[in-house]
Amino acid sequence: MAGELDDAVVVDFPLRGEGWMAVTTPAARIPSHGTDMLGQRFAFDFLKVDERAGTRFHPAGMLRANLVGVRVQECYAWGAPIYAPCDGVVVLAVDGVAERAWIHPVTEAARLIRNAWTFTPGNLPAILGNHVILRTGDVFAAFVHLAPGSVAVRAEQIVRSGELLGRVGHTGNSTSPHLHFQLMDSLDVMTARGIPCAFRRYDVEHQGSWMSIRNGIPAQRERLRSAEVA
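If you want it as structure tokens, here you go:
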């Protein structure tokens, strides 16, 4: 596993602020999402959480969240800006996929299973939701599950590192608002192979203090903070 990550492409961290957590990361396992399909071999899922133990992505308690559910727009990550992690050209920008307003663990799990069983290339929007793909050289960076109406770029637009691409949402194959981010070798996600990725700089919380990391790959469930100014 470690050998596959040795020559990772280094980009800037695409989120700002603190409270982020890589709930899915190639630092924990490869393929990170359990499959090489759709260029996901080295993909990340970034969730925003509070100070409570675990992955508490909404202010509600566990009882309410599991029995009643929670509103999408009350989740910590929802609407958070996503920034270009490198200079590049936008090669695909998809908006207009509707967002579910309510999250309940049973219905979200059922949707994931249904999407897995019924997946075809023609229903990619049901999996990716609103998304942006940025090209830099021979590398394609994908930003997935964006909020509807938030995509801030268009195809063929040149962007610089740090420019706004869109906002975190809950569209497509998502169980809560989060950013799915991956690098791959092709625009065609049906045939693309994943490319390992590291982040130029970010901070990790350790025993109440923040440690600066350079050219690192976040471990699973580390509490992260962007080193960039919002």
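The number in my numbering is simply the position in the sequence shown, starting from 1, with 65 added. Even glycine gets a Cβ: it sits at the ideal position worked out from N, Cα and C.
*Which runs of the beta strand (DSSP E), 3 residues or longer, sit entirely within the stretch 131 to 195?*
146 to 148, 153 to 159
*asked:* Determine, for Pro213, whether the minimum Cβ-Cβ distance to residues of chain B falls below 8 Å.
replied: Structure shown: chain B not included; a single protein chain is present.
*Since Thr201 sits in a beta bridge, which residues does DSSP pair it with?*
Within the sequence shown, numbered from 1, the residue matching residue 201 stands at position 136. Paired residues: Val204.
_Within 8 Å, strictly: CB atoms of Arg121 and Ser291_ = Indexing the sequence shown from 1 puts residue 121 at position 56. Indexing the sequence shown from 1 puts residue 291 at position 226. No; because the gap between Cβ atoms is not below 8 Å, this pair is not in contact.
*Whose CA, out of Pro146, Phe208, Ser226, lies closest to the CA of Leu252?*
Walking along the sequence shown from the start, residue 252 turns up at place 187. Out of Pro146, Phe208, Ser226, Phe208 has the C-alpha closest to the C-alpha of Leu252.
*asked:* When you compare the CB positions of Gly194 and Ser215, do they come within less than 8 Å of one another, or not?
replied: For the purposes of this step, residue 194 is taken as the residue at position 129 of the sequence shown. For the purposes of this step, residue 215 is taken as the residue at position 150 of the sequence shown. It is not a contact, given that the beta carbons lie outside the stated cut-off.
*asked:* Taking only three categories from DSSP, how would you classify Arg129?
replied: The count along the sequence shown starts at 1 and reaches residue 129 at position 64. Here Arg129 sits in helix by DSSP.
*Is the CB-CB distance between Leu244 and Ile168 below 8 Å?*
Stepping through the sequence shown from its first residue, residue 244 is reached at position 179. Stepping through the sequence shown from its first residue, residue 168 is reached at position 103. No.
_Three-way DSSP call (helix, strand, coil) for Glu69 in this model_ = Taking the first residue of the sequence shown as 1, we reach residue 69 at position 4. Of the three classes helix, strand and coil, the one that applies to Glu69 here is helix, per DSSP.
*Decide if Ile223 is buried, meaning its Cβ has at least 16 other Cβ atoms within 10 Å, or exposed.*
Reading the sequence shown from its first residue, position 158 is the one you call residue 223. Ile223 comes out exposed.
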